[in-house]
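**Student:** My structure is below; once you've seen it, I'll send some questions.
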Amino acid sequence: MVDASILVALRDTCVKRRGKTILGPVNLDLLDDGFTIVLGPNGAGKTTLLKVLHGVERVSSGTVKWSVPDAVARQTQAYVFQRPVMLRRSVRQNLAYPLKLVGASASDIDNGVTFWAAQIGLTEMLDRPATRLSGGEKQKLALGRALIRTPRVLFLDEPCANLDGRSTREIEGVLQRANAAGTRIIMTTHNLGQARRLASDIVFLLNGRLHEQGRATDVLRAPQTPEAKAFFQGDIVE
Amino acid sequence: MNEIWAGMLAAFRLIVTLDADLVEITLRSLQVSLSALVIACVIALPLGTWLAIRRFRFRRATIATLNALMGLPPVVVGLIVYLLLSRSGPFGVLGLLFTPTAMIIAQVIIITPLIASLTHQAMRELWAEYHDLLISLNTTSRQRIATLIWDGRRALLTGALAGFGRAIGEVGAIMIVGGNIDHATRVLTTAIALETGKGDFALALGLGFVLIALALLVNFAIHTLSRTEQEGTW
Ligand SMILES: Nc1ncnc2c1ncn2[C@@H]1O[C@H](COP(=O)(O)OP(=O)(O)OP(=O)(O)O)[C@@H](O)[C@H]1O
Ligand SMILES: [Mg+2]
Numbered sequence: 001m002v003d004a005s006i007l008v009a010l011r012d013t014c015v016k017r018r019g020k021t022i023l024g025p026v027n028l029d030l031l032d033d034g035f036t037i038v039l040g041p042n043g044a045g046k047t048t049l050l051k052v053l054h055g056v057e058r059v060s061s062g063t064v065k066w067s068v069p070d071a072v073a074r075q076t077q078a079y080v081f082q083r084p085v086m087l088r089r090s091v092r093q094n095l096a097y098p099l100k101l102v103g104a105s106a107s108d109i110d111n112g113v114t115f116w117a118a119q120i121g122l123t124e125m126l127d128r129p130a131t132r133l134s135g136g137e138k139q140k141l142a143l144g145r146a147l148i149r150t151p152r153v154l155f156l157d158e159p160c161a162n163l164d165g166r167s168t169r170e171i172e173g174v175l176q177r178a179n180a181a182g183t184r185i186i187m188t189t190h191n192l193g194q195a196r197r198l199a200s201d202i203v204f205l206l207n208g209r210l211h212e213q214g215r216a217t218d219v220l221r222a223p224q225t226p227e228a229k230a231f232f233q234g235d236i237v238e
Numbered sequence: 239m240n241e242i243w244a245g246m247l248a249a250f251r252l253i254v255t256l257d258a259d260l261v262e263i264t265l266r267s268l269q270v271s272l273s274a275l276v277i278a279c280v281i282a283l284p285l286g287t288w289l290a291i292r293r294f295r296f297r298r299a300t301i302a303t304l305n306a307l308m309g310l311p312p313v314v315v316g317l318i319v320y321l322l323l324s325r326s327g328p329f330g331v332l333g334l335l336f337t338p339t340a341m342i343i344a345q346v347i348i349i350t351p352l353i354a355s356l357t358h359q360a361m362r363e364l365w366a367e368y369h370d371l372l373i374s375l376n377t378t379s380r381q382r383i384a385t386l387i388w389d390g391r392r393a394l395l396t397g398a399l400a401g402f403g404r405a406i407g408e409v410g411a412i413m414i415v416g417g418n419i420d421h422a423t424r425v426l427t428t429a430i431a432l433e434t435g436k437g438d439f440a441l442a443l444g445l446g447f448v449l450i451a452l453a454l455l456v457n458f459a460i461h462t463l464s465r466t467e468q469e470g471t472w
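Keeping their order, the protein sequence lines are chains A and B.
Everything in the first sequence is counted per our numbering, starting at 1 for the first residue and increasing by one.
Everything in the second sequence is counted per our numbering, starting at 239 for the first residue and increasing by one.
And the structure:
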């Protein structure tokens, strides 16, 4: 039985590819609300963990249990990939796409597109082909497209990787507003400053294992494991 | 040499004056090949796309078969369709042999594998690009296929044009199942074969020019399409 305030529970979850364990075994409970930041060096398994939670990566053993039935969970989640996927369409049509899939009315689509284009600062570019956008603009578009259905849970895989300081601040604002409005956010980043600004709780991964998890203030101030301590001090962790 | 020049002149005259026979034959050719193209596309576009996104047990075998069918000699297709439609064949009662419908059937069989195979290639690339997003958005199979067909429409149009080019220039199968009957099943290619055989180069060349013009048009369109595709303008 999953506890009422627990959103999702991983139990002994393992992902093996080509005989190598790339994630796990992980035991992890995420609560109903909050802003989780997943930290760890390259190849630690952050993307894999997010995809496992979202249900797009096959698990080799163990379970992933959402508090709602899987079909409902999937329908109310959104995911921004580390490399944003652009449909070969205009920015406007990219934003509208998730709403079209669920058969939203033309006026709802119009309103949603206008609102989110303004939020992500792409209003001027609505009629440009999305594949011609810069790396940062693509990331913003992917974020707007993910938020347009007001998901219950939003996964973000390094959403600010290609953004400059100002865009990062804007996007962080968008994320905090969405979070305050009830969207549960689970996000990876390599930017410790960003983790400090946004996180309510932190998950620290190393070599596919969960090394540390807890409230952001606790984990960042007083990490329990030496690896996490070194990582948060900006040392290189192997 | 003289004879050829005279033939060419006569051919131009036929084209410029819109000779009744020439127009009739050209229109029938277009009617047969365009009908075959539409039917083939209705089958091949969803099939090729479906093969690109669906993993199933005999997928590889199916794709290999498709590619092999692409190389079917048209004459053999003609022979098989002839046997099926002939009076003693299984579909003999329909009385389709030596009608434009029979020619359309033969051409559909010839170009469907080609279009499906080209569709499959283009859609496989696009699917690799879109896979994560479409899975994440929890799309149905139908929505996936529709999205891929729409966003890959240029590549698909290129495939369709290649199919049309093959159909309009094909002679072996339609000669057998159509019979090259004047005012009934005579089309550009069969007429050219016949007129050349009879030594009437004027009509043969005139029809030949029309056929070349069509082929050039198709290839020019394919070229333009693939260029705009690369430049990402749509
Ligand atoms: N399909 C796969 N087959 C084999 N190995 C894989 C596969 N997918 C991921 N890996 C490996 O699993 C490990 C974890 O990958 P993952 O993408 O989760 O890392 P990450 O923490 O997101 O890293 P980064 O910070 O670079 O994004 C890596 O070593 C990667 O090479
Ligand atoms: Mg990653």
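Note that beta-carbon positions come from the ideal geometry of N, C-alpha and C, so glycine has one too.
1) Hey, leucine 371 of chain B and leucine 386 of chain B: beta-carbon distance below 9 Å or not?
2) Could you name the residues, in chain order, whose CB is less than 5 Å away from a heavy atom belonging to ligand 1?
3) Pick helix, strand or coil for glutamate 212 of chain A, following the three-state DSSP scheme.
4) Given that isoleucine 373 of chain B touches chain A, what residues does it touch there, using C-beta distances under 7 Å?
5) For alanine 340 of chain B and alanine 130 of chain A, I'd like the C-alpha separation in whole angstroms.
6) How far does the beta strand (DSSP E) with isoleucine 185 of chain A in it reach, from first residue to last?
7) Could you tell me whether the Cβ of leucine 394 of chain B comes closer than 9 Å to any Cβ of chain A?
8) Taking the alpha helix (DSSP H) that valine 91 of chain A falls in, what are its first and last residues?
9) Would you say the beta carbon of asparagine 158 of chain A comes nearer than 8 Å to a heavy atom of ligand 2?
10) Go through its chain and collect everything with a Cβ distance to arginine 128 of chain A's Cβ below 7 Å, but skip five positions before and after it.
11) Quick one: complete alpha helix (DSSP H) runs, 4+ long, within the region 155-199 of chain A?
12) Could you check what DSSP says for valine 153 of chain A in three-state terms: helix, strand or coil?
13) Can you give me, in chain order, the residues of the region 84-101 of chain A that have a beta carbon less than 7 Å from any beta carbon in chain B?
14) By Cβ distance, which residues of its chain are closer than 7 Å to isoleucine 301 of chain B, with the 5 residues on each side in sequence left out?
15) Tell me, to the nearest whole angstrom, how far the beta carbon of lysine 258 of chain A is from that of glutamate 57 of chain A; I am working on the premise that it is less than 8 Å.
16) Can you find at least 3 beta carbon pairs, one from the region 365-384 of chain B and one from the region 80-87 of chain A, that sit closer than 8 Å?
17) Which chain B residues sit within Cβ distance under 9 Å of glutamine 290 of chain A?
18) Should valine 8 of chain A and threonine 48 of chain A be called a contact, given that it needs their Cβ atoms to be closer than 9 Å?
19) Do leucine 198 of chain A and phenylalanine 204 of chain A have their CB atoms nearer than 9 Å?
20) If the criterion is Cβ atoms closer than 9 Å, does the pair leucine 28 of chain A and threonine 13 of chain A meet it?
21) For a test of the three-state rule: what should DSSP assign to asparagine 207 of chain A, helix, strand or coil?
22) Rounded to the nearest angstrom, what separates proline 328 of chain B and serine 105 of chain A at their Cα positions?
23) Mind pulling the chain B residues with CB within less than 9 Å of phenylalanine 81 of chain A?
24) Please go through the same chain and pick out, in chain order, the residues whose beta-carbon is closer than 7 Å to the beta-carbon of arginine 196 of chain A, but skip the five residues on each side of it.
25) At 3 residues or longer, and completely inside the region 23-86 of chain A: list those beta strand (DSSP E) runs for me, N to C.
26) Pair every Cβ in the region 181-189 of chain A with every Cβ in the region 32-46 of chain A, then say whether three or more of these pairs are closer than 8 Å.
27) Measuring only the C-alpha atoms, how far is leucine 395 of chain B from isoleucine 414 of chain B?
28) Counting only Cβ pairs nearer than 7 Å, list the residues of chain A close to glutamine 381 of chain B.
29) Using 8 Å for Cβ pairs, my map puts isoleucine 263 of chain B next to valine 425 of chain B. What's the rounded Cβ distance?
30) Going by beta-carbon coordinates alone, are alanine 453 of chain B and alanine 442 of chain B separated by less than 9 Å?
31) Let me confirm a value: methionine 1 of chain A is counted as buried when at least 16 other C-beta atoms fall within 10 Å, else exposed. Which label applies?
32) Check each candidate in B/Leu256, B/Gly416, B/Gly437, B/Phe458 and name the one with the smallest Cα separation from alanine 244 of chain B.
33) What separation, rounded to the nearest whole angstrom, lies between the Cα atoms of proline 284 of chain B and leucine 126 of chain A?
**Tutor:** Inspection of the coordinates gives the following:
1) Against the second sequence, residue 371 of chain B aligns to sequence position 133. Against the second sequence, residue 386 of chain B aligns to sequence position 148. Their beta carbons are not under 9 Å apart, which means leucine 371 of chain B does not touch leucine 386 of chain B by this criterion.
2) A/Arg17, A/Ile22, A/Asn42, A/Gly43, A/Ala44, A/Gly45, A/Lys46, A/Thr47, A/Thr48
3) Locating residue 212 of chain A in the first sequence gives position 212, where the first residue counts as 1. Correct three-state label for glutamate 212 of chain A: strand.
4) Counting from one through the second sequence, the residue named residue 373 of chain B turns up at place 135. Chain A residues near isoleucine 373 of chain B: Val56.
5) Translated into positions along the second sequence, residue 340 of chain B becomes position 102. Translated into positions along the first sequence, residue 130 of chain A becomes position 130. Approximately 46 Å between the Cα atoms of the pair.
6) Start at 1 with the first residue of the first sequence, and residue 185 of chain A comes out as number 185. Looking at the DSSP string, the run of the beta strand (DSSP E) that includes isoleucine 185 of chain A is 184-188.
7) Indexing the second sequence from 1 puts residue 394 of chain B at position 156. With 9 Å as the cut-off, leucine 394 of chain B does not count as an interface residue toward chain A.
8) Walking along the first sequence from the start, residue 91 of chain A turns up at place 91. Segment 91-101, the alpha helix (DSSP H) holding valine 91 of chain A.
9) On the first sequence, residue 158 of chain A is found 158 positions in, with the first residue counted as 1. Residue identity differs from the one stated: residue 158 of chain A is glutamate in this sequence, not asparagine. It does: the Cβ of glutamate 158 of chain A is within 8 Å (strictly closer) of some heavy atom of ligand 2.
10) In the first sequence, residue 128 of chain A corresponds to position 128, counting from 1. Cβ within range, chain order: Ser90, Val91.
11) 165-180, 192-198
12) If you number the first sequence from 1, residue 153 of chain A lands on position 153. In this structure, valine 153 of chain A counts as strand in the three-state DSSP scheme.
13) Val85, Leu87, Arg88, Arg89, Pro98, Leu101
14) As a working note, residue 301 of chain B is residue 63 in the second sequence. For isoleucine 301 of chain B, where only same-chain residues beyond five positions count, the Cβ hits under 7 Å are Leu289, His358.
15) Look at the range of chain A in this structure, 1 to 238, and you will see that residue 258 of chain A is not part of it.
16) yes
17) Because chain A is modelled from 1 through 238, residue 290 of chain A falls outside the range shown and cannot be assessed.
18) If you number the first sequence from 1, residue 8 of chain A lands on position 8. If you number the first sequence from 1, residue 48 of chain A lands on position 48. Taking 9 Å as the Cβ cut-off, valine 8 of chain A and threonine 48 of chain A do not qualify as a contacting pair.
19) Residue mapping note: residue 198 of chain A aligns to position 198 of the first sequence, counting from 1. Residue mapping note: residue 204 of chain A aligns to position 204 of the first sequence, counting from 1. In this structure, phenylalanine 204 of chain A does not lie closer than 9 Å to leucine 198 of chain A by Cβ.
20) Position 28 of the first sequence, counted from the first residue, corresponds to residue 28 of chain A. Position 13 of the first sequence, counted from the first residue, corresponds to residue 13 of chain A. Going by C-beta atoms, leucine 28 of chain A is nearer than 9 Å to threonine 13 of chain A.
21) Within the first sequence, residue 207 of chain A is the residue found at index 207, counting from 1. Correct three-state label for asparagine 207 of chain A: coil.
22) On the second sequence, residue 328 of chain B is found 90 positions in, with the first residue counted as 1. On the first sequence, residue 105 of chain A is found 105 positions in, with the first residue counted as 1. Going by the C-alpha atoms only, they are around 51 Å apart.
23) By one-based count along the first sequence, residue 81 of chain A stands at place 81. Chain B residues near phenylalanine 81 of chain A: Asp370, Leu371, Ser374.
24) The count along the first sequence starts at 1 and reaches residue 196 of chain A at position 196. The residues are Leu220.
25) 35-39, 61-66, 77-80
26) yes
27) Residue 395 of chain B sits at position 157 when you count from the first residue of the second sequence. Residue 414 of chain B sits at position 176 when you count from the first residue of the second sequence. Roughly 29 Å between the two C-alpha positions.
28) Taking the first residue of the second sequence as 1, we reach residue 381 of chain B at position 143. Under the 7 Å cutoff, chain A gives Leu101.
29) Walking along the second sequence from the start, residue 263 of chain B turns up at place 25. Walking along the second sequence from the start, residue 425 of chain B turns up at place 187. Contact flag correct, Cβ pair sits at about 6 Å.
30) By one-based count along the second sequence, residue 453 of chain B stands at place 215. By one-based count along the second sequence, residue 442 of chain B stands at place 204. It is not a contact, given that the beta carbons lie outside the stated cut-off.
31) Residue mapping note: residue 1 of chain A aligns to position 1 of the first sequence, counting from 1. Interpretation of methionine 1 of chain A is limited by its pLDDT of 48, a score under 50 that renders its predicted location unreliable; no figure is taken from the coordinates.
32) In the second sequence, residue 244 of chain B corresponds to position 6, counting from 1. Selected option, being the one with the closest Cα: B/Gly437.
33) Mapped onto the second sequence, residue 284 of chain B falls at position 46. Mapped onto the first sequence, residue 126 of chain A falls at position 126. Those two C-alpha atoms are separated by around 30 Å.
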